[in-house]
Structures are given as C-alpha cells and as structure tokens.
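Structure record follows, encoded as structure tokens.
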Amino acid sequence: PDMAAVHPNISPGGIVVGFSPVLILAAVGALLQTSGLRRIRGALDRTLIGAKLVSPFWYSTSLGSAGFWVRSLLADAPRALCTASGGEALAYALFFATQAVTLGLCWLRMKEQGVPDNLRMARALGRILQINLSLALFLPTRNSLWNRIVGISYERAIKYHRIVSRTTLILLLAHGALFIDKLGWSYVVTQTRTCTGYGNLWGLIAGVLFLVVMVGSWEVVRRSSFELFHVTHALSPVALGFACAHAGDTIWFLIPPLVLYFADHFLRIRQQLSAAEVVSSEALPGDVTKIDIRSPAAAQTILGKGAEGVGCFVLLHCAQAGSGPQDLHPFTVSAIAGDVLTLHAKSQGPGTWTGRLFAAAQAGGALK
Numbered sequence: 002p003d004m005a006a007v008h009p010n011i012s013p014g015g016i017v018v019g020f021s022p023v024l025i026l027a028a029v030g031a032l033l034q035t036s037g038l039r040r041i042r043g044a045l046d047r048t049l050i051g052a053k054l055v056s057p058f059w060y061s062t063s064l065g066s067a068g069f070w071v072r073s074l075l076a077d078a079p080r081a082l083c084t085a086s087g088g089e090a091l092a093y094a095l096f097f098a099t100q101a102v103t104l105g106l107c108w109l110r111m112k113e114q115g116v117p118d119n120l121r122m123a124r125a126l127g128r129i130l131q132i133n134l135s136l137a138l139f140l141p142t143r144n145s146l147w148n149r150i151v152g153i154s155y156e157r158a159i160k161y162h163r164i165v166s167r168t169t170l171i172l173l174l175a176h177g178a179l180f181i182d183k184l185g186w187s188y189v190v191t192q193t194r195t196c197t198g199y200g201n202l203w204g205l206i207a208g209v210l211f212l213v214v215m216v217g218s219w220e221v222v223r224r225s226s227f228e229l230f231h232v233t234h235a236l237s238p239v240a241l242g243f244a245c246a247h248a249g250d251t252i253w254f255l256i257p258p259l260v261l262y263f264a265d266h267f268l269r270i271r272q273q274l275s276a277a278e279v280v281s282s283e284a285l286p287g288d289v290t291k292i293d294i295r296s297p298a299a300a301q302t303i304l305g306k307g308a309e310g311v312g313c314f315v316l317l318h319c320a321q322a323g324s325g326p327q328d329l330h331p332f333t334v335s336a337i338a339g340d341v342l343t344l345h346a347k348s349q350g351p352g353t354w355t356g357r358l359f360a361a362a363q364a365g366g367a368l369k
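2 is the number of the first residue of the sequence shown in our numbering; add one for each residue after it.
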C-alpha cells in the first residue's frame, strides 16, 4: 500500500500528556521544598512496604546464586516494589497512567487523519516511542537542573530512567510486531520513503540496536562486564540516528534532551580533569577493596547537593586494573571526611575489573 499518501500528524494533546510526568514532578518537587510542605515530603520519602519484607534471597550479588538470576530475569521488580518510597510509587503510577492516555490520544489522531484501522495502533505506538526516547534521554543527566528542582539524587532519577527505558523497549517490540503482522516482512525491510521518513529498514536497524543496548544494561551483563555495558550504551547515538532516518520528525523530540545531555557531558569532563589523589588503599576481608581518594572538587560537589548527595557515585579509573583511560567504573561514595572520599569495591571474581583492583590492593604499592 502507498502509505506515503497518509501523513499521521502528531497529536498536540498526546505530546503534552506524554511529557507531563517530568513537568508535574518538577512542579510538585518545587512545592514540597517549601517550608510549609516539608512534612509531606518526608512522608513521601518513606518506604511504602518495607525492605524487611524482602528475603535476603533477592539481595545476592553472586553470579552463582539462584536469587541473583531470578532477580535479574524479573528485572528486580519484586524488590523494587517493596523498597519503593511513596513518592517513587506515585511517580511510576503517573508515568504509566500518562502512557495509556497518550497512546489513546495518538490513536484518535491517527483515526482523524484517516490511517487504516489495521495500522492505527502500530503508528500510535510509533508516536509514543518518540516521546519516550526523549524522556529516556532527559533523565540520565547527572548535573540536571530537573533533579535539583524535584529534590532527588541522580541515582534515584536513574531508577525512573530504567522504568521508562524498559517500557519503551516493550512498546518498540509491539510497534514492530504489529507492522510485521499487518504488512509483512517485505514492507518492514523496505528502503523506500514512507509517510514519516526514509524507510522502514532504518527503523528495524534502530530497534535491533536498542535491543542490544538493553541487553547490555541487564544486571547480569553490567555486573560481570561493565566494559560491555559501557560499549553497548555507546551504540545509543547510532540507534537514535537510525530512528531519525526512520521517522524524520523524531529529531525535534530529541533536541531538548540532547542539549541537556551534552551540557552535562561537558561538566563531567571538567570534573574528570580536576585533581584526584589516592591517599590509601586496603584489601579488606570478603574481597573488598577500600580506597581513600583526595578530590576537593568532587567532595565539594557532593556535599553541595545536601540530602540529594546521599548515594552519589564517582567514576573510578585504575591503571593496575583497567586497560585504558576510558575504562571507568562507577562506585558509590561510602563516606566523606573533609576533601577525602572513601570508596568500597566488592570483587566480582578473578579476571573482572574489581577482581584486578582487589589484587592490586593486596599486592601493595600506590594505586594510580
């Protein structure tokens, strides 16, 4: 069929509702930081169900543990549900509710534009995917003004990023499956211009690349080989490029978060260039490496965040454990004393980056 004759315009209402979670959370977060509403904020920060109800089975970090694999296969949903705060639960509920409303508005827009019945849902899913790609890019910016306004740490924003990304993957698979079911593989792999872009083949390639990124983000991969997680995430810009070729107006959804992302990346590079000195390192029982690092700039940044600085992490590079200057690994800051940061790194076994770090600490000498 000649689908170029039918151009499903974007639903303005769908865009507003689709982006409403980040706007509503910013507005509510700003209000809750006022003195009169801080008690409500404290109530929302409380755990909804309670971590005590979660069996230690779910907390295992050993690749040989059944609990680790069950948790990974279920995307850590049971533990995340039990340990979520009231505010997090409301944020998730808001996101899923607006997803349903956005999908409905996009579907109605397709109907108004005369899109055939058998393709409305597939195209509506394509529109909500554009919004979700923007949301997924918007959230993982460490120096984001949005985090400051809402009053949450970068680490808590990453939890929201995971929810958005996993939902986006499910919708992406549904989007592709519906087109394959209705029009067949021959239409999906075409390179001819469609009503939205330069060919469905580019959308298929983008989908495969996003799937690779998600597999690389899986806890099993991330814990056993953070380098692979880093490499697969580097495919994201390529996938976004193919997504824009598939649907040309996707670029307008991506410009705002990309501006924020590059600004954040610039600040990260600046922080990486700041002076840092390993004060001491120690191999502790349980295959744990303790490292004290003097970094006035990092300490000042974390302490300046106040409560939002709790749980902050730094990217660590060690010549004795890594293979290059870009071999960076995130570790939560355990404590700060003056301008000295204390980190604890649990070895994930021989041959892993953390294993080599532990071996270097055992051998003695200064870590670099």
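Ideal placement from N, C-alpha and C gives every residue a C-beta, glycine not left out.
Beta-carbon gap between residue i and residue j smaller than 8 Å
i: Leu172; j: Leu126; result: yes
i: Ala207; j: Ser166; result: no
i: Gln363; j: Gly356; result: no
i: Leu368; j: Gln321; result: yes
i: Ile337; j: Ala300; result: yes
i: Ala67; j: Ile150; result: no
i: Leu329; j: Ser296; result: no
i: Lys347; j: Val289; result: yes
i: Pro106; j: Gly15; result: The sequence given here places Leu at residue 106; Pro does not occur at that position. Yes, the pair counts as a contact, with Cβ atoms nearer than the cut-off.
i: Gly204; j: Ala178; result: no
i: Ile164; j: Tyr93; result: yes
i: Asp340; j: Thr142; result: no
i: Ser73; j: Glu283; result: no
Residues of its chain near residue i, where Cβ-Cβ distance is below 8 Å and the 5 sequence neighbours each way are ignored
i: Val232; result: Gly217
i: Thr168; result: Phe96, Phe97, Gln100 and Asn133
i: Ser135; result: Phe20, Phe254, Leu255, Pro257 and Pro258
i: Ile50; result: Leu82, Cys83, Thr84 and Ala85
i: Thr191; result: Gly200, Asn201 and Leu202
i: Ile181; result: Val189
i: Lys160; result: Ala81 and Glu89
i: Ser226; result: Thr353
i: Arg47; result: Ser86 and Gly87
Member of the options whose CA lies at the smallest distance from the CA of residue i
i: Cys313; options: Thr333, Arg72 and Ala322; result: Thr333
i: Ser237; options: Trp354, Leu259 and Gly287; result: Leu259
i: Leu261; options: Asp182, Trp147 and Leu75; result: Trp147
i: Pro22; options: Thr103, Met215 and Lys112; result: Thr103
i: Ser187; options: Arg121, Leu174, Lys369 and Asn201; result: Asn201
i: Leu229; options: Ser12, Trp354 and Ile25; result: Trp354
i: Thr302; options: Val315, Gln114, Ala27 and Val209; result: Val315
i: His345; options: Gly339, Gly352 and Leu358; result: Leu358
i: Asp250; options: Ile129, Ala31 and Arg121; result: Ile129
i: Arg39; options: Lys112, Leu109, Gly152 and His247; result: Gly152
i: Lys291; options: Leu317, Gly305, Leu268 and Phe267; result: Leu317
i: Phe69; options: Thr35, Glu156 and Arg224; result: Arg224
i: Leu174; options: Val209, Ala298 and Phe267; result: Val209
i: Cys319; options: Gly366, Met122, His234 and Gly37; result: Gly366
Residue span of the beta strand (DSSP E) that contains residue i, given as start and end
i: His247; result: Element bounds for His247: not the beta strand (DSSP E) but the alpha helix (DSSP H), Ser237 to His247.
i: Arg1; result: The structure shown does not extend to residue 1, since the chain is modelled only from 2 to 369, so the question has no answer here.
i: Thr343; result: Val341 to Lys347
i: Arg295; result: Val289 to Arg295
i: Ser282; result: Glu278 to Leu285
i: Ala336; result: His330 to Ala338
i: Leu316; result: Phe314 to Leu317
Cut-off 7 Å between Cβ atoms - residues of its own chain near residue i, not counting five sequence neighbours on either side
i: Trp41; result: A small correction: the amino acid at residue 41 is Ile; Trp does not occupy that position in the sequence shown. Once the five neighbours on either side are set aside, the close Cβ partners of Ile41 are Leu33.
i: Pro2; result: In this prediction, Pro2 scores a pLDDT of 44, lower than 50, which makes its location untrustworthy; the coordinate-derived value is nonetheless stated afterwards. Around Pro2: no qualifying Cβ.
i: Ala360; result: none
i: Leu120; result: Lys183
i: Leu335; result: One detail in the question is off: residue 335 reads as Ser in this sequence, not Leu. Closer than 7 Å at Cβ, skipping near neighbours: Thr343, Leu344 and His345.
i: Thr193; result: Gly200
i: Gly323; result: Trp354
Cβ-Cβ separation, residue j to residue i (assumed contact under 8 Å), whole Å
i: Ile294; j: Ala277; result: 6 Å
i: Phe139; j: Leu170; result: Wrong, their Cβ atoms sit about 17 Å apart, outside the cutoff.
i: Ala240; j: Val214; result: 7 Å
i: Gln131; j: Ala248; result: 7 Å
Limits of the alpha helix (DSSP H) - the one that residue i falls within
i: Ile159; result: Tyr155 to Leu184
i: Lys112; result: Gly87 to Glu113
i: Pro22; result: Pro13 to Leu33
i: Val190; result: No alpha helix (DSSP H) holds Val190; DSSP gives it neither H nor E.
i: Ala123; result: Arg121 to Phe139
i: Trp203; result: Asn201 to Ser218
i: Gly65; result: That residue, Gly65, is in no alpha helix (DSSP H); it is neither H nor E in DSSP.
i: Gln363; result: Trp354 to Ala364
i: Thr233; result: Phe227 to His234
Contact set for residue i: own chain, Cβ-Cβ below 6 Å, skip 5 residues either direction
i: Ala90; result: Leu49
i: Pro351; result: none
i: Gly12; result: It is Ser, not Gly, that sits at residue 12 in the sequence shown. Within the same chain, Ser12 has close Cβ partners Leu106, Cys107 and Arg110.
i: Gly287; result: none
i: Ala31; result: Ile150
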